[in-house]
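Presented below is the structure to which this report refers.
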Amino acid sequence: MIVVGGGHAGFEAALAAARLGAETLLVTGDPERVCTLACNPSIGGSAKGQLVREIDALGGEMARVADATALHARFLNESKGPSVRALRVLADKPGYVNAARAVLAATPNLTVVTGMAEDLLLDGAAVAGVVLGDGGRFGRRTWCWRPDVSRRQDVPWR
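Read in my numbering, the sequence shown has 107 at position 107, and its numbers run on one by one without any break.
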């Protein structure tokens, strides 16, 4: 499987595929910045906290990495009912990236490649792989494209 994009979704997708035994290739522009947190490095809260718990229940790493790099943790809405209480963790930004990179490095069946996906390899109407900006070509039968929404990247369908 090829996963394009090393953000949180690409990180989790690559780990899931590799843990299921698929030879997985994670293509990212800068492996030193996998899972980089935004300027507010919080994980959790009333909305994202639900997502983090669901990822955790499915065997994902986001909650574990957040726990390992937590600087501060707080329960929100403690004075309200249990349905709106939520845990929010403030994570160490460089530590979070380093911990995520360590998880990737320790995962069997997973290779991280530096590059920018520029085009798709097609076999008829089916996607057969990806072409990187430096001309590198990687073919796989299955792949996952995780465009960076903060940069408004579009999937380059033909």
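Glycine residues also receive a C-beta, built at the ideal position from the N, C-alpha and C atoms.
If distances are taken between C-alpha atoms only, which option among the options comes closest to residue i?
| i | options | result |
| --- | --- | --- |
| Asp92 | Arg19, Gly10, Gly139 and Ala73 | Ala73 |
| Leu37 | Gly133, Val65 and Pro108 | Val65 |
Return helix, strand or coil for residue i, following the three-state DSSP convention.
| i | result |
| --- | --- |
| Asp56 | helix |
| Val3 | strand |
| Asp119 | strand |
| Arg88 | strand |
| Val34 | coil |
Tell me the rounded alpha-carbon separation between residue i and residue j.
| i | j | result |
| --- | --- | --- |
| Asn40 | Val103 | 23 Å |
| Pro31 | Ala57 | 26 Å |
| Ala106 | Ala47 | 30 Å |
| Val3 | Ser79 | 42 Å |
| Leu122 | Gly133 | 17 Å |
| Gly6 | Leu87 | 25 Å |
| Asp67 | Val89 | 8 Å |
Considering just the uninterrupted stretch of the alpha helix (DSSP H) at residue i, what are its terminal residues?
| i | result |
| --- | --- |
| Ala16 | His8 to Arg19 |
In the DSSP assignment, the beta strand (DSSP E) including residue i goes from what residue to what residue?
| i | result |
| --- | --- |
| Arg64 | That residue, Arg64, is in no beta strand (DSSP E); its alpha helix (DSSP H) goes Met62 to Ala68. |
| Arg137 | Arg137 to Gly139 |
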